[in-house]
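Here the sequence shown is numbered in our numbering, starting from 12 and rising by one per residue.
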Amino acid sequence: MDHLSIYEDTIRRFAACEEIPAPFRTEEIARRMGVIAEQLLIDNGKFNLTAITDPEEIFYKHILDSVICADVIPAGEDVTLLDVGSGAGFPSLPIAACRPNVRVTAMDATAKKCMHMNDTAATAQISNFAAVSGRAEEFSRTKLYREQFDFVTARAVARLPILAELCLPFVKVGGCFIAMKGKTAPEELEYSIHGLQKLGGKVEDSRKYFVPGDENPRYLLTIRKISPTPAAYPRQYAQMAKKPL
Ligand code: SAH
């Protein structure tokens with residue numbers, strides 16, 4: 012096989028992959044995905060962003076996985092989305108690439124990861140994206156962020172009871188928290204029901220799916236915000252971890 016750059020490799024994979032929903036299969040979106048993959052490898056050399064460096068694995072585990080999440084976000088004009096603990100930009104960057112009208116904010120405690128995300132968005136010409144650096148449990152106590160988002164996503168950040176306390180305070184009443192979870196999702200959900208209730212959330216959907224190259228199931232858990240989160244939440248991180256809801 013001839014040697015392709017990661018940029019070209021990703022574009023080809025994107026165009027050929029049957030799991031990518033049809034409306035996303037445009038040249039423009041494919042090019043953005045190419046930049047996301049390329050920039051990930053470039054910046055990974057500077058600041059450890061991901062353990063996954065094989066182009067095929069980057070495609071399935073980071074890009075396809077995030078695009079599957081983008082598919083459950085509506086295309087609407089005034090939709091806002093926050094991705095908590097976005098790291099190198101997953102799922103936030105592919106979601107913004109697929110949904111140009113959704114205003115995407117990515118949040119991460121590590122400033123250099125936010126620099127990587129903002130640089131990538133600029134290079135890929137994803138203009139509906141901004142990364143902010145700081146801790147979720149501090150941002151969600153501020154007026155600018157509390158109950159301001161239609162959707163809040165998170166992948167690989169914390170176990171569900173802690174994750175819900177980090178994420179649900181950001182969701183508008185009527186909006187959704189979407190947790191991207193691995194094979195332990197069903198049990199995590201079981202022992203989170205009580206905590207979700209306390210935070211104003213109600214489980215609405217659990218969608219099971221697979222990505223090629225991983226035999227374990229993944230889940231998109233949709234939790235609807237049905238009432239405001241009491242002012243007592245979120246607590247300090249140490250308390251959340253010590254006494255999960
Ligand atoms: N969502 C990405 C990154 C997962 S790693 C992916 O799936 O690839 C978890 C990330 O969450 C790290 O980058 C870490 O800095 C961030 N993080 C953990 N706790 C956080 C908190 N309380 N507030 C903001 N970011 C947090």
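Every residue, glycine too, gets a C-beta built ideally from N, C-alpha and C.
### Query
Which residues in the same chain have their Cβ closer than 6 Å to the Cβ of Pro241, if we skip the five residues on either side of it in sequence?
none
### Task
Compute the Euclidean distance between the alpha carbons of Pro34 and Val83, then round it to the nearest angstrom.
13 Å
#### Entry: Short Cβ contact (7 Å threshold) for Pro172 with Ser217
no
### Task
Give me the Cα-Cα distance between Leu210 and Gln250, rounded to the nearest whole angstrom.
15 Å
### Query
Going by C-alpha distance, which of Arg110, Leu15, Glu201 is nearest Arg36?
Arg110
### Query
Can you list, in chain order, the residues of its chain whose CB lies under 6 Å from that of Phe258, leaving out five sequence neighbours each side?
Not covered by the structure: residue 258. The range shown for the chain is 12 to 256.
### Message
Quick check: does the Cβ of Gly193 come within less than 6 Å of any heavy atom belonging to the ligand SAH?
### Response
no
### Query
Which first and last residues belong to the alpha helix (DSSP H) in which Arg23 is found?
Here the alpha helix (DSSP H) through Arg23 covers 17-27.
### Query
What is the DSSP secondary structure of Met12, counted as helix, strand or coil?
Low local confidence applies: a pLDDT of 48 at Met12 is under 50, so the model's placement there is unreliable, and no value is given.
### Message
Just to confirm, is the Cβ distance from Met44 to Ile17 under 7 Å?
### Response
No. Outside cutoff.
### Query
So, is Pro245 buried or exposed, given that buried needs 16 or more other C-beta atoms within 10 angstroms?
buried
### Query
Within 10 angstroms of its Cβ, does Glu201 collect 16 or more other Cβ (buried), or is it exposed?
exposed
### Task
Under 7 Å Cβ to Cβ from Lys194, same chain only, skipping five residues before and after it: list those, please.
Shown here for Lys194: same chain residues with a beta carbon closer than 7 Å to its own, the five before and five after excluded, namely Asn227, Pro228 in chain order.
### Query
Just checking my contact of Gly212 with Lys236 at CB under 8 Å: how many whole Å lie between their CB atoms?
6 Å
### Query
Shortest alpha-carbon distance to Ile69 belongs to which of Ala48, Arg23, Ala147, Ile22?
Comparing alpha-carbon positions, the option among Ala48, Arg23, Ala147, Ile22 lying closest to Ile69 turns out to be Ala48.
### Task
Taking the CB atoms as reference points, tell me whether Tyr230 and Lys192 lie closer together than 7 Å.
yes
### Query
Is the beta carbon of Ala141 sitting closer than 7 Å to the one on Thr116?
yes
### Task
Report back the beta-carbon spacing between Phe160 and Leu92 to the nearest angstrom; my notes put them in contact at under 8 Å.
6 Å
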